[in-house]
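Encoded as structure tokens, the structure appears first; notes follow it.
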Amino acid sequence: MVASGAELGWLTSPVEHGWEIGQRAVNGSLLYNYYICNVEEREQDNWLRTTFIQRHPTASRVFVELRFVVRDCNSFNADSLICKETFNLYASEADADIGTAFRKGLFRKVATIAPDEISSLGEMKMNIETKVVENLSRKGFYLAFQDIGACVAIYSVRVYYKTCPATVKSLAVFPETVAGGENQALREVAGSCVSNAVSEDQPRIYCTTDGEWVVPVSQCQCRPGFEAMNDTCQECQSGFFKSSVSSEACKPCPKNTQPSGPGATSCTCKDGFYRAPEDPEIAACSGLPSAPQDLVASTAQMSIGRLQLSWRPPADTGGRSDITYAVVCERCEGRACQPCGEKVRLDPSNTDLKETRVTVSELEPHLNYTFTVEARSGVSQFSNKRATISSNLTVLLPDPPKVTAMHLVDSSSTSLSLQWSVSHRSKPVATRYELMYRKKEIANGKVTTYTVLVLEKNSVQISDLSPSTVYLFKVQALSPEGNPGSYSLEQEFSTLPQGEQSQNKSVGLLIELFFFYRRRNSHTRQGPEDTYFSSPDQLKPLKTYVDPHTYEDPNTAVLKFASEIHPSHVTKQKVIGAGEFGEVYRGILKAPGRKETAVAIKTLKPGYTEKQRQDFLGEASIMGQFSHQNIIRLEGVVTKFKHAMIVTEYMENGALDKYLKDHDGEMPSFQLVGMLRGIAAGMKYLSDMSYVHRDLAARNILVNSNLECKVSDFGLSRVLEDEPEGTYTTSGGKIPIRWTAPEAIAYRKFTSASDVWSFGIVMWEVMAFGERPYWDMSNHEVMKAINEAFRLPAPMDCPSAVYQLMLQCWLQDRSKRPRFGDIVSILDKLLKSPDSLKAIADFDPRVSIRLPSTSGSDGSPFRSVAEWLESIKMSQYSENFSIAGIVSMEQVLQMKSEDIRNIGVRLPGHLKRIAYSILGLKDQTSTLI
Ligand code: AMP
1 MVASGAELGW LTSPVEHGWE IGQRAVNGSL LYNYYICNVE EREQDNWLRT TFIQRHPTAS
61 RVFVELRFVV RDCNSFNADS LICKETFNLY ASEADADIGT AFRKGLFRKV ATIAPDEISS
121 LGEMKMNIET KVVENLSRKG FYLAFQDIGA CVAIYSVRVY YKTCPATVKS LAVFPETVAG
181 GENQALREVA GSCVSNAVSE DQPRIYCTTD GEWVVPVSQC QCRPGFEAMN DTCQECQSGF
241 FKSSVSSEAC KPCPKNTQPS GPGATSCTCK DGFYRAPEDP EIAACSGLPS APQDLVASTA
301 QMSIGRLQLS WRPPADTGGR SDITYAVVCE RCEGRACQPC GEKVRLDPSN TDLKETRVTV
361 SELEPHLNYT FTVEARSGVS QFSNKRATIS SNLTVLLPDP PKVTAMHLVD SSSTSLSLQW
421 SVSHRSKPVA TRYELMYRKK EIANGKVTTY TVLVLEKNSV QISDLSPSTV YLFKVQALSP
481 EGNPGSYSLE QEFSTLPQGE QSQNKSVGLL IELFFFYRRR NSHTRQGPED TYFSSPDQLK
541 PLKTYVDPHT YEDPNTAVLK FASEIHPSHV TKQKVIGAGE FGEVYRGILK APGRKETAVA
601 IKTLKPGYTE KQRQDFLGEA SIMGQFSHQN IIRLEGVVTK FKHAMIVTEY MENGALDKYL
661 KDHDGEMPSF QLVGMLRGIA AGMKYLSDMS YVHRDLAARN ILVNSNLECK VSDFGLSRVL
721 EDEPEGTYTT SGGKIPIRWT APEAIAYRKF TSASDVWSFG IVMWEVMAFG ERPYWDMSNH
781 EVMKAINEAF RLPAPMDCPS AVYQLMLQCW LQDRSKRPRF GDIVSILDKL LKSPDSLKAI
841 ADFDPRVSIR LPSTSGSDGS PFRSVAEWLE SIKMSQYSEN FSIAGIVSME QVLQMKSEDI
901 RNIGVRLPGH LKRIAYSILG LKDQTSTLI
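596 is the number that the UniProt record's numbering gives to position 596 of the sequence shown; each next residue is one higher, with no gaps.
Encoded structure:
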């Protein structure tokens, strides 16, 4: 700033006759000024030039504030054309002081200075005027005042530039900055973070021409251990921490930590408390979980060699939610324990269990197992302490005793009496034995015939043998559950020659014959001409089904094969179905010394005839001979009381056809194939026993809560007479046409191969979720179609491999159909590699069979979409079709399944019904019938 107040050494031009220094007393003090008052002389051009003013290197704009007084021209008797009341401000830049070398031509005009108020004689009206000199760039400048004939006194000249003052904004420091000029109205200024603050980018701010800061851009944040306070970063107080660079305040130390000192970036855990590696620093520290509680092992509803371990979560989780469990299995003898090894399986796994239970399988009987369950959490790794609970248990599984030596007690020419002993090591839990014998010598070309006897004692007398013949025997013990032990060694005994008497006549053994092989009756396998069964690999010992009709008194048969239950042990709870002889109930069986079990109870309605009662109980005589996972199990019968009953295991999900209809589209192919595998395994067992079912259909398969399928319905006469699907054939029998193989319909050739045909139909029913085979075609139409070599088309979404198997089951030549053994292994293979189920069978309209209502009732085409929908009982979708603009049958015929889905048909069954119907409509010309 340059201010008046003393001799300034300003240059005047002209030197003598121009500006002069004057002084004037104002309020008692003497003020200096430069003045001029040549108002009466023409052509005035008087210059007053300042000394050289150094420019601040960044100040391109300077302000010039003038205080001056201008005298009113009217105060003089001057010529108004000559007297002026303004003067001019000039400026000239230079890089160095040029001293007294003054040249007007170097100056540029900045402004004309006019007073706001002019002063009369004696008056002193001070004007203050500020002018801006822009775009300065050289080292310095001169100002000059040009008078052109005014009476003016300049009292002060203040020259200044503006700055934005040093400041702290948003934790960033910005230096004092000279404001820019008109060519740089906003000057960008870089700053730096205050101490203990950091920022990824340099903070910035703008300085306006008026010296004001605007738009600070700062991301400065206090470092860990510091928080922002009054434009500074202050250390966190004791007991507080801040772990990250952030604008947050310090937080109190979390739970289970030690108190922190000032400026803490974290709070360390108290002894015995930890943070998991994935826990953030701000998390509370957590303790180890306590041991799991209430470990129990249950074998209820578990099959042999399996148990379920379950426990409750630890009482103290240590404040964590990531609790998992690890189960260790050890086999202990006395104090010595060793790991159970690979053989024992833990499902779903032995570690990282989220659930509080595990299924253990492949356990061996009579061994002492110790299970230890440990609770773990994310902090368990930091401590050697283990939170465990153990449970010792000896798995007491009924172990069938081992049969040791077998010896001859007595013999004659036609009989042999044998006895055997049982190993002492085993507990005497066996109640039954299975004895198998055959002739040692086999006549050429003849099939070996094994005879199998199930016995309740460890002795037997066998009659009706051939004289002088060597027989081979082996015996096996069965546990009460029917689990077989291993066979004894095969031993030979021979009958005496004809006429020779027994050495020992005293033996009068009680023989319990449970079932006896006989080669006769319609239900057993056919003769050797039935190539289907007579291949050499079938010549293995088989239990063979006995037709109860071979017994003269059917009541004896039922008592041979079924155990009698006292009616007081049976409680009926609810009617669940209608059997052909009476109601079927769900109920409870509680036999003394046995656990309560859920059962199905079939009753015989009052007013029955003796024949009906025998037929009713006949089913039990058949069922009682079977023991297989996929065959419905007979619990027993009530025959000695007025109300006869058949008690079987209870199948929670009822008949398979209904179950599938109720779950249409809900099960993946894999699961459906798994169900079929079960049915095939049951059928293999039946066919191995030479039992021909004749009425295999989804309605005769029952489903339990585990979705295991079991073959049921072993009625004797009903296959022919009472089957609801049964139709009289020309030969007089009643046959369920759509499930029956052509040879069985044509000439009653019922074999396991015809059961395989029926199994193919069951496969179709399953894959089509209980759809009726051949829809609403009449039985006559079905038979005609089959004879013309048409077969059911692949159900929607049916894996190709599964449909191929169906087609094999429906080969006209029964000897070419797969056997149930083959079917089980094919299905097993498919289940082992689920990818094999990915290829979906094509729906080939050429083999399409007439579908439900593909035309109006009179056979004419449908007149409207509504009429068509009504005919397939899908009227509820009329609106969906019309909203989608599908108003003609021509449009309907263009629809693909995704179009049907898109208009809002979501239920798989409905989707299928509509899609099938459209396919049928399209293909009416090439339909079968
Ligand atoms: P059935 O006389 O064997 O055809 O039985 C008639 C109906 O009773 C079947 O369709 C099933 O719904 C039901 N039913 C029969 N046995 C059982 C069972 N063991 N468990 C559950 N439901 C059964």
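Here a beta-carbon is modelled for each residue, glycine too, at the ideal position from N, C-alpha and C.
Does the Cβ of Ser848 have 16 or more other Cβ atoms within 10 Å, making it buried, or fewer, making it exposed?
Since pLDDT at Ser848 reaches only 39, below the 50 mark, its modelled position is unreliable, and the value read off the structure follows with that caveat. Ser848 is buried by the Cβ-count criterion.
Thinking C-alpha only, which one of Pro592, Leu604, Tyr916 and Lys354 is nearest Gly577?
Among Pro592, Leu604, Tyr916 and Lys354, the Cα nearest to that of Gly577 belongs to Leu604.
Residue burial classification, Ser857 (beta-carbon count within 10 angstroms, cutoff 16)
Confidence is the limiting factor: at Ser857 the pLDDT is only 44, short of 50, which leaves the residue's position unreliable and the question unanswerable from this model.
Starting from His56, follow the alpha helix (DSSP H) in both directions and report where the run begins and ends.
It is not in any alpha helix (DSSP H) - His56 carries neither H nor E in the DSSP assignment.
Once you ignore the five residues that flank Ser758 on each side, which residues in its own chain have a CB closer than 6 Å to its CB?
Leu696 and Trp739
Closest by C-alpha distance to residue 931, when choosing among Lys84, Asp97 and Tyr155:
Since the displayed the chain opens at 1 and closes at 929, residue 931 lies outside it and no answer follows.
Within the same chain, show all residues whose beta-carbon is closer than 6 Å to that of Glu619, passing over the 5 residues directly before and after it, in chain order.
Within the same chain, Glu619 has close Cβ partners Phe714 and Gly715.
Would you kindly work out how many angstroms separate the C-alpha atoms of Asn700 and Ala655, rounded to a whole number?
7 Å
Report yes if the CB atom of Phe756 is closer than 9 Å to the CB atom of Arg814, and no otherwise.
Per the sequence presented here, residue 756 reads as Val, with Phe not at that position. Closer than 9 Å, so yes.
In chain order, what residues of the same chain lie with their CB nearer than 6 Å to the CB of Cys332, ignoring the 5 residues before and after it?
Asn368 and Thr370
Rounded distance between the beta-carbons of Cys207 and Val194, thought under 8 Å:
Actually they do not touch by this definition, with Cβ atoms about 19 Å apart.
Reference Thr12, options Gln44, Asn38, Arg49 and Phe141, closest by Cα:
Arg49
Residue span of the alpha helix (DSSP H) that contains Trp739, given as start and end
Unbroken run through Trp739: none, as it is neither H nor E.
With DSSP as the reference, label Cys267 as helix, strand or coil.
coil
Report the option in Asn350, Arg335 and Pro339 whose CA atom is closest to the CA atom of Thr324.
Asn350
Applying the 10 Å Cβ sphere with the 16-neighbour rule, what's the burial state of Lys912?
buried
Per DSSP, the bridge partner or partners of Gly577
According to DSSP, residue pairing for Gly577 in a beta bridge involves Val584.
Roughly how many angstroms separate the alpha carbons of Ile205 and Thr163, rounded to a whole number?
Linking Ile205 to Thr163 through their CA atoms gives a straight-line distance of about 14 Å.
9 Å Cβ cutoff met for Val703 and Met683
no
Among Lys572, Ser266 and Ile118, which residue has its Cα nearest to the Cα of Phe240?
Ser266
Reduced DSSP category for Lys799 - H, G, I as helix; E, B as strand; rest coil:
For the sequence presented, residue 799 should be read as Pro rather than Lys. Residue state, collapsed to three classes: strand.
Would you decide whether residue 947 is buried or exposed? Buried here means 16 or more other CB atoms lie within 10 Å of its CB.
This structure leaves residue 947 out entirely; the chain is present only between 1 and 929.
Val15, buried or exposed, once every other Cβ within 10 Å from all chains shown has been counted against 16:
exposed
List the residues that DSSP assigns as beta-bridge partners of Gly140.
Answer by DSSP bridge pairing, in chain order: Gln54 and Ala94.
At which residues does the alpha helix (DSSP H) containing Met683 begin and terminate?
Ser669 to Asp688
Between which residues of its own chain and Gly508 is the CB-CB distance below 8 Å, once the five residues before and five after are set aside?
At Gly508 the pLDDT is 26, less than 50, meaning the model places this residue with poor confidence and gives no usable figure here.
Beta bridge counterpart(s) of Asn46 as assigned by DSSP:
Asp147
Cβ-Cβ separation, Pro497 to Ser413 (assumed contact under 8 Å), whole Å:
6 Å
Measuring from the CB of Gly665, is there a heavy atom of the ligand AMP at a distance below 8 Å?
Because no heavy atom of the ligand AMP lies under 8 Å away, the Cβ of Gly665 does not count as near it: no.
Indicate, with yes or no, if the ligand AMP has a heavy atom lying under 8 Å from the CB of Val584.
yes
Given Cys340, which residues of its chain have a CB within under 8 Å of its CB, disregarding the five upstream and five downstream residues?
If we look at Cys340 and ignore the five residues flanking it on each side, its Cβ neighbours are Cys329, Glu330, Arg331 and Tyr369.
Let me know the secondary structure DSSP gives Gln184 once reduced to three states.
coil
Would you tell me roughly how many angstroms separate the C-alpha atoms of Ala111 and Phe87, rounded to the nearest one?
9 Å
Please go through the segment 561-643 and give each complete alpha helix (DSSP H) segment of 4 or more residues, from N-terminal end onward.
610-623
Specify the secondary structure class of Tyr901 as computed by DSSP and reduced to three states.
One point to set straight first is that residue 901 is Arg, not Tyr, in the sequence displayed. Reduced to three states, the DSSP call for Arg901 is helix.
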